[in-house]
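Engineer: Below is one structure. I have some questions about it.
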Amino acid sequence: MNRITFNEFNNDTKIISIDSDDRDITKYPYSNNFEIICPESYNNVYSIKLLNFSLPSSIYNISEYLQNNKLYIDNNLIMIEDGCYNTDKLVKVLNIELSNNLLNHIKCDFNNSTQKMTFKSNNSQNFELDFTKIINYNHSKNCNYNIYNQHTNWGLGAVLGFKKIKYQNNNSYISDNQVNIYNYDTIYLEINNFNLLDKIEPYKINYNTNNSNGKRNSSFAKIDIAKINYSNLDNLPQILLKNYEEIQNNNILNNPIEKLNKLQFNIKYHNGLFVDIPVNKHISFTLAIN
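The sequence shown maps to residues 763 to 1052 in this note's numbering.
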């Protein structure tokens, strides 16, 4: 496993620590988008390298913001609370909400062997799972992106392994695909003027185009957050990433920046959604500037 060491840096290298808690919250209320004034002016900057990245372990994987906390069963809208879910917790909460919506004859269950989800009526009564209905979500926090237009990761149905269709005329349904509760396992750090990573954006289905789009100079670094363990978050408030395997960036500019006084950051998911960092939590990272 390769690790970045300070021996790789020359005498002109400046190391700067960034923490979202130090942002101007009147201008930047959220930790996923902020700007900082550098402690000094850096001259003739030709590269920036990300050395480490720390983020909260309690980032929600099911939420209103991610548009994956609702589904229709027999024309009843089932909604689960925003949170950090593993499969066991998700099954438990879904069964509670089914009972709360007078659908206690329907139970869901997760098969550990097949990794698939089953919804079954215990009285042999037929019911519907409808994943064709457009569900309204509260588009807050600068989010105007419709997740349902994606052909993958399009909502709670996709998380549970089902297709974007209506399941009907049966009393039991097994998901077509494996449950994928950890869809958001990669984040992208953007730094204004230093984004050299091109990125293919998710294929989206809408009434105007079926084209897949890419974006040049989209991001500064790609960061793997798959090590977040949603089964054990009690004693792990922050996740520290500091290996080449977890952080992928190599940003050397063709034309050096004569004077660098400030840096602006965005933290996003692959589909362009800002990472929904809890208001009382922060991110921090370290940059090497040459």
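Using N, Cα and C, we set each Cβ at its ideal position, and we do this for glycine too.
Taking the CB atoms as reference points, tell me whether Q877 and V941 lie closer together than 7 Å.
Structural biologist: The answer is yes: Cβ separation under 7 Å.
Engineer: Leaving out five residues on either side along the sequence, give the residues of the same chain with a beta carbon under 8 Å from the beta carbon of R978.
Structural biologist: These residues qualify, in order along the chain: D960.
Engineer: Output the distance between the C-alpha atoms of I1029 and A1050, rounded to the nearest integer angstrom.
Structural biologist: Answer to the nearest angstrom: the Cα atoms are 18 Å apart.
Engineer: Bridge partners for Y1031 per DSSP, in chain order?
Structural biologist: According to DSSP, Y1031 bridges with I949.
Engineer: In three-state DSSP terms, what is T849?
Structural biologist: Three-state DSSP puts T849 in a helix.
Engineer: Do T880 and I936 count as a contact pair if the criterion is CB distance below 7 Å?
Structural biologist: Yes. Within cutoff.
Engineer: Mapping the DSSP letters down to three states, classify E843 as helix, strand or coil.
Structural biologist: Residue state, collapsed to three classes: coil.
Engineer: Given this structure, state the Cα-to-Cα distance separating P964 from Q912, to the nearest angstrom.
Structural biologist: One C-alpha to the other measures close to 7 Å.
Engineer: Per DSSP, which one or two residues make a beta bridge with N838?
Structural biologist: Bridge partners of N838: I835.
Engineer: Thinking C-beta only, is N863 closer than 7 Å to N933?
Structural biologist: No, Cβ-Cβ distance for N933 and N863 is not below 7 Å.
Engineer: Can I962 and G976 be called in contact, C-beta distance under 7 Å?
Structural biologist: Yes, these two residues count as a Cβ contact at 7 Å.
Engineer: Taking the C-alpha atoms as reference points, what is the distance between K895 and L817?
Structural biologist: Roughly 35 Å between the two C-alpha positions.
Engineer: How would you write the range of the alpha helix (DSSP H) that G919 sits in, first residue to last?
Structural biologist: Element bounds for G919: 918-921.
Engineer: For C870, which residues does DSSP report across the bridge?
Structural biologist: Its beta-bridge partners are F881.
Engineer: Distance check for R785 and I798, CA to CA, integer angstroms please.
Structural biologist: I798 and R785: Cα-Cα distance of roughly 6 Å.
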